[in-house]
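In what follows, a single structure is set out as structure tokens and then discussed.
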Amino acid sequence: MRLNIFAIFTIKAILASLTKTACPDQDLGDKCVKAIEDDLNKCIEACDSQLCLADCSREYSANIRDCPCSDEHQDGCGSSSHSICTCKNPQVDNIFFRQCFAEATGRSNECYENCGMNIHCFDGCLASFKEEMKECPCMENCPLGCPCENRDICGPNITAMCQSVDFSYSISASGHNKENRHYTTPARTTSPFLYRAGFSIMNGEVYIFGGSQDSKKIVKIEQCAIDDTGKRLISTFYSYLGSLVTLKENSEKIILCNSYYDKLKCESFDGSTTVAIAETKEQHAYACMSINEQGRATIIAGQETSSVEILETRFFIKIFKILIIIFSGWQNAQSHLAGNIFMHTCAALPNGLVTVGGNVIGTGDLKNVYLFRNGQWSVVGQMQNV
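In case it helps, mature numbering (1 follows the signal peptide of the UniProt record, and there is no 0) puts the sequence shown at residues -21 to -1, 1 to 365.
Dropping the structure here:
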């Protein structure tokens, strides 16, 4: 009890020194403070030592300073970049609120349509809508705007770019919310600009590589346009033949393996320079590449091989104490259980990586979902359709 009383008085003193009056966004500032105080109370309740309480106090002090209307942000959201500032006008400033609202509205409309003439059913639909909205960013159970505790609503959307029909859209992972998009792309020549090009995100920017129109191009999305970076790949790249993945190690790099015309060739791109790296041991045509649980680039099987190879790295301190990554080579891992699987999709998970779908000659399309963890493959599920 004495520990808790000491912590509370300390926190109140910090709060008094950080907040003032006459702030244009005082309501948001008050909500921010309340949410952080709630977190503080949970932290204090879990403590059994003064050291723990001191940690709670330090975290509280750091977080409270970011709130609009704190001593450091007396102009409110004018200088504060706290996520709660997106709640000032969430219909415009918080994409995750718009997504959550659209999904809740869609489910509510479906509910109403199924009610027929039952007036009590309408009441139930409205009640469900209100409860769902409480979970949205900026609402009762997610007051800081994002992230929301125990909710994935703040996750990124998926963008599909369909140049051949001049139509693109952004869709939520649940599939409930979709917004049309329009991107300005260079004119097509013999092929659409994006046809058979590969995409990867590095340092928050979307890069596009190769494709049928220009197999060595490197461009990136800038707002709603696609701009040439002026950089070029060393080898040709086609998304359906080769593989690429973003490696997040020390500094982010995109790893690309040609896997067809230059059968074993791989290279890396760091946003400014392309560098040839170690060749794969096998040709991985129509394969996929992802990141395993150790953070290593892993290229998986292909039309003519079941081989799985992991890119190993070594670190060297060079002149001026600059730490750089040297790729030491591809090392063999356990082969894929399905054999020579190709045209499959792979994705990284916190505890491994999975392959989904694909085809094996003589077997046909596959439904199995395979997990690669700790160097071993296992079947963890099946798709409903192929």
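Idealized CB from N, CA, C, for every residue including glycine.
**Request:** Let me know the secondary structure DSSP gives residue 359 once reduced to three states.
**Result:** Counting from 1 along the sequence shown, the entry for residue 359 is found at position 380. Secondary structure of residue 359 (DSSP, three-state): strand.
**Item:** Sheet register partners of residue 236 (DSSP bridge)
**Value:** Working through the sequence shown from its first residue, we reach residue 236 at position 257. Residue pairing by DSSP puts residue 236 in a beta bridge opposite 222 and 245.
**Message:** Buried or exposed for residue 219, going by 16 or more other Cβ atoms inside 10 Å?
**Reply:** Taking the first residue of the sequence shown as position 1, residue 219 is located at position 240. Its Cβ having fewer than 16 others within 10 Å, residue 219 is exposed.
**Limits of the alpha helix (DSSP H) - the one that residue 217 falls within** = Here residue 217 refers to the residue found at position 238 when the sequence shown is read from its first residue. First-last for residue 217: undefined, no H or E at that position.
**Prompt:** Using the C-alpha atoms, what's the distance from residue 70 back to residue 3?
**Reply:** For this step, residue 3 is matched to residue 24 along the sequence shown. For this step, residue 70 is matched to residue 91 along the sequence shown. Residue 3 and residue 70 have their C-alpha atoms some 20 angstroms from each other.
**Message:** Could you compute how far the alpha carbon of residue 227 sits from the alpha carbon of residue 28?
**Reply:** Translated into positions along the sequence shown, residue 227 becomes position 248. Translated into positions along the sequence shown, residue 28 becomes position 49. Distance between the alpha carbons of residue 227 and residue 28 is about 37 angstroms.
**Residue(s) in a DSSP beta bridge with residue 291** = Here residue 291 is taken as the residue at index 312 of the sequence shown, counted from 1. 308, per the DSSP bridge assignment.
**Request:** Would you list the residues sitting across from residue 114 in a DSSP beta bridge?
**Result:** Counting from 1 along the sequence shown, the entry for residue 114 is found at position 135. Bridge partners of residue 114: none, in fact.
**Prompt:** Quick one: Cα of residue 319 to Cα of residue 63, how far?
**Reply:** If you number the sequence shown from 1, residue 319 lands on position 340. If you number the sequence shown from 1, residue 63 lands on position 84. C-alpha of residue 319 to C-alpha of residue 63: approximately 50 angstroms in a straight line.
**Chain-order list of residues whose beta-carbon lies under 7 angstroms from that of residue 225 (same chain, five-residue window excluded)** = Counted from its first residue, the sequence shown places residue 225 at position 246. Here residue 225 has 179, 180, 181, 231 and 233 as same chain residues with Cβ atoms under 7 angstroms from its own Cβ, once five neighbours each way along the sequence are excluded.
**Asked** Between the beta-carbon of residue 349 and the beta-carbon of residue 317, is there less than 9 angstroms?
**Response** In the sequence shown, counting from the first residue as 1, residue 349 sits at position 370. In the sequence shown, counting from the first residue as 1, residue 317 sits at position 338. For the 9 angstroms CB-CB criterion, residue 349 and residue 317 form a contact.
**Asked** So is residue 209 buried or exposed if we call it buried at 16+ other beta carbons inside 10 Å?
**Response** As a first step, residue 209 is located in the sequence shown; it is residue number 230 there, counting from the start. With fewer than 16 Cβ atoms within 10 Å of its Cβ, residue 209 is classed as exposed.
**Proximity of residue 268 and residue 279 at Cβ, strictly below 9 angstroms** = What you label residue 268 is simply residue 289 of the sequence shown in a count that begins at 1. What you label residue 279 is simply residue 300 of the sequence shown in a count that begins at 1. Result yes, Cβ atoms of residue 268 and residue 279 sit closer than 9 angstroms.
**Request:** Have a look at 322, 133 and 292 and flag the residue whose alpha-carbon is nearest the alpha-carbon of residue 310.
**Result:** Along the sequence shown, one-based indexing puts residue 310 at 331. Taking only the C-alpha atoms, the option nearest residue 310 is 292.
**Message:** Suppose the cutoff is 6 angstroms on Cβ atoms and the five residues either side in sequence are ignored; what does the same chain contact list for residue 165 look like?
**Reply:** Taking the first residue of the sequence shown as 1, we reach residue 165 at position 186. The answer, listed in chain order, is 172.
**Item:** First through last residue of the beta strand (DSSP E) which encompasses residue 352
**Value:** Counting from 1 along the sequence shown, the entry for residue 352 is found at position 373. Boundaries of the beta strand (DSSP E) around residue 352: 347 to 352.
**Message:** Considering only their Cβ atoms, is the gap separating residue 79 from residue 7 smaller than 9 angstroms?
**Reply:** Residue 7 sits at position 28 when you count from the first residue of the sequence shown. Residue 79 sits at position 100 when you count from the first residue of the sequence shown. Taking 9 angstroms as the Cβ cut-off, residue 7 and residue 79 do not qualify as a contacting pair.
**Request:** Drop a sphere of 10 angstroms on the beta-carbon of residue 223, count the other beta-carbons inside from all chains shown, and report buried for 16 or more, exposed for fewer.
**Result:** Indexing the sequence shown from 1 puts residue 223 at position 244. By the 10 Å Cβ count, residue 223 comes out buried.
**Request:** Examine the Cβ distances between the segment 134 to 148 and the segment 91 to 98 and report whether three or more of them are shorter than 8 angstroms.
**Result:** Touching, no, given that fewer than three Cβ pairs across the two stretches are closer than 8 angstroms.
**Message:** For residue 314 and residue 308, what's the separation of their Cα atoms in angstroms?
**Reply:** For the purposes of this step, residue 314 is identified with residue 335 of the sequence shown, where counting begins at 1. For the purposes of this step, residue 308 is identified with residue 329 of the sequence shown, where counting begins at 1. Residue 314 and residue 308 have their C-alpha atoms spaced approximately 18 angstroms apart.
**Message:** Considering Cα atoms alone, identify which of 81, 115 and 334 is closest to residue 158.
**Reply:** Here residue 158 refers to the residue found at position 179 when the sequence shown is read from its first residue. Closest option to residue 158, Cα to Cα, is 81.
**Message:** Contact between the segment 49 to 63 and the segment 95 to 113 is defined here as three or more beta-carbon pairs at a separation below 8 angstroms; is this criterion met?
**Reply:** No contact exists between the segment 49 to 63 and the segment 95 to 113.
**Asked** Are the CB atoms of residue 190 and residue 217 nearer to each other than 9 angstroms?
**Response** Looking up residue 190 in the sequence shown gives position 211. Looking up residue 217 in the sequence shown gives position 238. Yes.
**Item:** Residues near residue 75 in its chain [Cβ-Cβ closer than 7 angstroms; skip 5 each side]
**Value:** Taking the first residue of the sequence shown as 1, we reach residue 75 at position 96. Excluding residues within five positions, the ones whose Cβ falls inside 7 angstroms are 116, 125, 132 and 133.
**Prompt:** How far does the beta strand (DSSP E) with residue 280 in it reach, from first residue to last?
**Reply:** Indexing the sequence shown from 1 puts residue 280 at position 301. 276 to 281 is the span of the beta strand (DSSP E), which, as asked, contains residue 280.
**Asked** So, helix, strand or coil for residue 84, using DSSP?
**Response** On the sequence shown, residue 84 is found 105 positions in, with the first residue counted as 1. In this structure, residue 84 counts as helix in the three-state DSSP scheme.
**Prompt:** Would DSSP call residue 16 helix, strand or coil?
**Reply:** The residue labelled residue 16 in the question sits at position 37 within the sequence shown. Correct three-state label for residue 16: helix.
**Request:** Can you tell me which of the three DSSP states residue 365 falls into?
**Result:** Residue mapping note: residue 365 aligns to position 386 of the sequence shown, counting from 1. Residue state, collapsed to three classes: coil.
**residue 118, buried or exposed, once every other Cβ within 10 Å from all chains shown has been counted against 16** = The residue you call residue 118 lines up with position 139 of the sequence shown. Buried, by the Cβ-count rule.
**Message:** For residue 34, tell me which candidate among 186, 46, 19 and 277 has the shortest Cα-Cα distance.
**Reply:** The residue given as residue 34 occupies position 55 in the sequence shown. If we check each option's Cα against that of residue 34, 19 comes out closest.
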